[in-house]
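Numbering (my numbering), first residue to last: 640 to 847.
Where a beta carbon is used, it is the ideal one built from N, C-alpha and C, also for glycine.
Please read these numbers as outputs of a predicted model, since none were measured by experiment.
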């Protein structure tokens, strides 16, 4: 009996040392996951905000393009009426007041023999604000995709925090008055989970 007690004591000390080391490492990894989750979440919020701003800009430019189209349509209507009333001087006067964007499409329409239904269906017709609206929409979609990607990365770190919390729970159970064998099994399970979590954590992108 006198020989087994020191061995048992040393085994217990080693076991407790391993538990303390595991607890310390997992606590650090948990804090790291929390930090990374907060960073990715913050960047996701910024990207979502920028995407919203870009969508507002796209809407403004789209409204500008619609207004330009309406103005061009009103002037073109007067040109058509002047032609119908056989007033070439008035028609020429109106043509001089076409917007630059509509004038390009109008010239292309006439050069094509006026085979299309009107200048508005010509590919050359690009109302002011159309290109800007398209660019702003593309920017908003790209920012939205980036924000979702950042959010997913933050969620991954949050899930790892939960996983490491389980490890901390198991390591704490292993130190609470259960048999040495049971304690070793629980601590071993905690170690396996922690190792698997660490391997996954290494594959995650880092944000500073």
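How about residue 779 and residue 693: do their beta carbons lie closer than 8 Å?
Cβ atoms of residue 779 and residue 693: closer than 8 Å.
Give the straight-line distance between the Cα atoms of residue 798 and residue 648, rounded to the nearest whole angstrom.
Looking at the two C-alpha atoms, the distance is approximately 38 Å.
Give the straight-line distance between the Cα atoms of residue 731 and residue 721, rounded to the nearest whole angstrom.
9 Å
Return the residue from the list 719, 679, 840 and 715 that minimises the CA-CA distance to residue 738.
Proximity to residue 738 across 719, 679, 840 and 715 peaks at 715, based on C-alpha coordinates.
What does the alpha-carbon distance come out to for the pair residue 718 and residue 733?
6 Å
Please report the straight-line C-alpha distance between residue 822 and residue 775, rounded to a whole angstrom.
60 Å
Beta-carbon separation of residue 763 and residue 700 under 8 Å?
No; because the gap between Cβ atoms is not below 8 Å, this pair is not in contact.
Can you name the start and end residues of the alpha helix (DSSP H) that residue 788 belongs to?
Unbroken alpha helix (DSSP H) run through residue 788: 769 to 812.
Just to confirm, is the Cβ distance from residue 802 to residue 654 under 8 Å?
With a cutoff of 8 Å on beta-carbon distance, residue 802 and residue 654 are scored as not near each other.
Could you tell me the boundaries of the alpha helix (DSSP H) in which residue 727 lies?
727 to 734
Is the CB-CB distance between residue 767 and residue 740 below 8 Å?
yes
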